[in-house]
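Asks:
Residue numbers (our numbering): 38 to 302.
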């Protein structure tokens, strides 16, 4: 989610060189103090899609995030407005965190986690009330395009997700904004997709997403973001030992429209 100036560094270097040439010494400038901020983002989505599976129809999806230097922690929630899916996201609360390790200007490593919570999920029907998923991402930017391979492992569902994303910001200087493009492909394989089930119920599949969003700055601390995307799940099946695989009917293709307001303080 969250994720300095060469001019200052260049001026400092020139000043140091001038002082050294005259036989004087200079103290290197102290590093900038870490900054902290809160970001509150209420949002509405026309569909709630997760890794190619439709979990709800129109939804309210607020986020509260705290950033301190390279650390980000927050809570994302989903409240279905219509077309609720039984046992899914009614509501859902996800606690997440990440730490960005900058290797250089174009490469960073980001370990993180997400703790998914479904307080009303009917566990008697095999739905988990919570799962926990550590992750590790690598960001590499070349020619203005950021590539992000990411590895997740859900310790409750007992399986990995592999994902590759590419993003590009295209400035619209005359309009004072930009077009933010993103494309994602992923695959997952969970060995324990249902609770209290024996033999274990496996779930595996693939998905992709392509989208674009446009931010509109209202003030220096607030903006509205409008986005549109298409996402689809494929080859998504449930499989239990001794039984034939069953297609996951929630894995579909859908267009998604989102509107959000972000305020930073």
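Built from N, CA and C at the ideal position, the CB exists for glycine as well.
(1) Return yes when at least one heavy atom of the ligand PLP lies under 7 Å from the C-beta of residue 133, else no.
(2) Can you tell me the Cβ-Cβ gap for residue 240 and residue 176, rounded? I've got them flagged as a contact below 8 Å.
(3) At the level of alpha carbons, what is the spacing between residue 299 and residue 269?
(4) Looking at C-alpha atoms only, which residue of 105, 198, 154 and 139 is the closest neighbour of residue 115?
(5) Could you give the distance in angstroms between the alpha-carbon of residue 165 and the alpha-carbon of residue 102?
(6) Give the DSSP-derived three-state secondary structure of residue 176 in the structure shown.
(7) If you draw a straight line from the alpha carbon of residue 106 to that of residue 135, how long is it in whole angstroms?
(8) Where does residue 160 fall in DSSP's three states?
(9) Is the beta carbon of residue 254 closer than 8 Å to that of residue 90?
(10) In chain order, what residues of the same chain have a beta carbon less than 7 Å from the beta carbon of residue 111, not counting five sequence neighbours either side?
(11) Find the nearest neighbour of residue 151 within the set 184, 192, 137 and 181, judged by alpha-carbon distance.
(12) From the DSSP output, in three-state form, read off residue 228 for me.
(13) Helix, strand or coil: how does DSSP classify residue 210 here?
(14) Assuming residue 234 and residue 163 form a contact by the criterion Cβ under 8 Å, report the distance between their Cβ atoms to the nearest whole angstrom.
(15) Could you tell me which residues DSSP puts in a beta bridge with residue 238?
(16) Let's test the definition: count the other Cβ atoms within 10 Å of the Cβ of residue 138 and tell me whether it reaches 16, buried, or not, exposed.
(17) Can you pull the DSSP bridge partners for residue 169?
(18) Drop a sphere of 10 angstroms on the beta-carbon of residue 157, count the other beta-carbons inside from all chains shown, and report buried for 16 or more, exposed for fewer.
(19) Does the separation of the CB atoms of residue 214 and residue 252 fall below 8 Å?
(20) Compare the C-alpha of residue 195 against each of 266, 70, 167 and 219 and name the closest.
(21) Which of the three DSSP states, helix, strand or coil, is assigned to residue 118?
(22) Starting from residue 192, follow its DSSP beta bridges and name the residues at the other end.
(23) If I follow the unbroken beta strand (DSSP E) through residue 74, where does it start and stop?
(24) Leaving out the 5 sequence neighbours to the left and right, which residues in its chain are closer than 6 Å to residue 229 when beta-carbon positions are compared?
Replies: The short version:
(1) The ligand PLP is absent from the structure shown, which contains no ligand whatsoever.
(2) That belief does not hold up - the Cβ atoms of residue 240 and residue 176 are roughly 28 Å apart, past 8 Å.
(3) 27 Å
(4) 154
(5) 25 Å
(6) strand
(7) 11 Å
(8) helix
(9) no
(10) 38, 100, 101, 102, 103 and 133
(11) 192
(12) coil
(13) helix
(14) 6 Å
(15) 277
(16) exposed
(17) 152
(18) exposed
(19) yes
(20) 167
(21) coil
(22) In DSSP, residue 192 forms no bridge with anything.
(23) 73-78
(24) 194, 195 and 237
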